[in-house]
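This report concerns only the one structure given below.
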Amino acid sequence: MSTVRLQKFLADGGIAARRKSEVLITEGRVMVNGRVVKELGSKVDPARDRVTVDGEAVVALEHFYVIFNKPKGCITALTDDRDRPVVMDYLPNLPIPVKPVGRLDFYTEGLLLLTNDGELASRLLSAGYHVPKTYHAKIRGTITPQDLERLRTGVRLDDGTVTMPAEVAELPAESRHSWIALTIYEGKQRQIHRMFEALGFEVQKLQRVAFASLTFHGLRVGDARELTQLELNELRDVVELDHSAAARGVWRVEREDTDITRRARAKQREERELARLENEAGRERNAAKRVASGDDDDGDFDEDEFDDRYMGGDDADADDDDDAPAPASPRGAFGGAERAPRVPQPAVAAPRGPRGGFGSDERGPRGASASGPRGAAPRGASPRGGFGGDERGPRSAGPRGAAPRGAGPRGGFGGDE
């Protein structure tokens with residue numbers, strides 16, 4: 003394959019039109035075989051040279067041209083971050099990636115061209131070539147000859163600009179509303195809608211029936227096909243390009259081919275939207291319940307409400323000179339700020355218990371032993387309750403409750419009773 007200019011190679015690869023490709027080259031964003039090339043006259047061999055733009059490889063693709071009769075209710079884009087239907091939903095199995103040339107509004111139907119020929123797309127959209135675009139518009143109300151003349155000469159829009167002269171004709175209609183055929187030679191945003199709004203009319207339906215030399219005749223809404231060589235040559239003539247590009251006119255898709263996938267995606271979108279609405283309704287119900295129950299619906303922590311509900315009053319640190327000081331809580335109470343004062347108790351001397359009593363501070367009288375005359379007891383016997391006694395002592399012969407001298411009190415440490 004012969005060599006081609008670098009900017010043409012980039013345009014053929016669908017990177018950008020030639021003018022934009024020249025900017026990419028001069029900015030140093032294009033590399034050929036690993037070397038930055040900034041010269042506009044540079045040439046490359048598509049079969050041998052490796053070209054990258056911002057580090058991404060560029061491959062020269064065959065040019066591909068698609069005409070599509072866009073239905074209303076889809077976006078003129080490849081993808082949509084809001085998950086709305088896009089024109090690519092109607093164009094499955096494209097042999098070569100293409101992009102829309104210009105755009106149609108969400109509710110506007112009609113002819114749309116898609117291609118990867120960047121040079122052709124750039125010229126078709128350029129204001130310098132004044133490419134004609136023809137629309138059929140349904141207008142609410144009856145339009146007058148004076149209104150048609152204003153459209154032909156130019157209308158001042160809401161931003162102060164005046165439109166170029168347009169070709170206007172009223173179409174026969176069997177209704178109380180008017181149908182207008184309008185051909186414009188520029189492409190302002192929502193231009194047709196704004197032109198009729200400047201005259202006090204509302205556009206109810208809008209359909210593009212022709213773009214440059216192309217028409218939508220023989221193409222149903224939702225159908226798409228590849229251009230023929232004759233159509234492509236005529237289209238390139240409009241923008242003064244040669245006939246070097248080729249079109250086979252083979253590829254075609256009908257709207258029935260995409261019904262299943264489009265309906266499945268539409269069902270998924272409906273389910274997601276229904277789930278979103280149900281979540282919003284649930285949040286609104288919860289908010290209404292909080293308001294009805296007296297709870298704050300903003301979800302913020304309310305310190306005063308917490309004090310009133312759980313602390314029994316206002317915060318002790320609140321700046322309110324009229325409030326009396328809160329009484330001190332007893333020691334250990336929940337939230338008590340100070341300890342309660344201790345109440346003095348009279349000192350009472352505890353009686354000394356006999357030896358072996360629980361908690362006794364002094365020894366009690368010794369039990370009888372073999373050598374002591376006091377409280378003689380049988381040899382080896384310990385008094386009842388005595389610490390370490392092996393046998394019980396003899397029970398007293400006195401009245402119940404009288405214990406022999408030296409016996410521990412009832413319940414003493416180690417006692418049985």
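Residues are numbered in the numbering used here as their position in the sequence shown, beginning at 1, plus a constant of 2.
The C-beta atom is built at its ideal place from N, Cα and C for all residues, glycine as well.
With respect to the 8 Å criterion, arginine 158 and alanine 168 are not classified as neighbours on the basis of their beta carbons.
Straight across, the Cα-Cα distance linking serine 128 with valine 170 is about 23 Å. Following the DSSP letters along the chain, one finds asparagine 71 inside the beta strand (DSSP E) bounded by residues 67-72. For isoleucine 145, same chain residues with a beta-carbon under 6 Å away, outside a window of 5 residues either side, are Ser180 in chain order. Residue range 8-14 is occupied by the alpha helix (DSSP H) that includes phenylalanine 11.
In this structure, glutamine 193 places its C-beta atom within 8 Å of the C-beta atom of isoleucine 186. Counting the other Cβ atoms within 10 Å of the Cβ of valine 89 gives 16 or more, which makes it buried. Within the model, the alpha-carbon separation for leucine 8 versus leucine 42 is close to 7 Å.
For isoleucine 141, the three-state secondary structure derived from DSSP is strand.
In terms of CA proximity to glycine 16, Leu122 leads the group Glu236, Leu122, Glu228. Fewer than three Cβ pairs drawn from the stretch 66-80 and the stretch 19-29 lie within less than 8 Å of each other, which leaves the two stretches out of contact. Looking only at Lys135, Ala139, Tyr92, Lys74, the smallest Cα-Cα distance to glycine 104 is reached by Lys135. Here threonine 260 carries a helix assignment [DSSP, helix/strand/coil]. Under the three-state reduction of DSSP, threonine 230 is assigned to coil, being neither helix nor strand. For methionine 166, DSSP records no beta bridge to any residue. With a threshold of 16 other beta carbon atoms within 10 Å, leucine 237 meets it and is buried.
A Cβ-Cβ distance of about 17 Å is found for the pair leucine 184 and tyrosine 109, leaving them out of contact under the 8 Å criterion.
Counted as a single uninterrupted DSSP element, the alpha helix (DSSP H) harbouring phenylalanine 198 occupies residues 193-200. Between proline 94 and aspartate 259, the gap from beta carbon to beta carbon is short of 8 Å.
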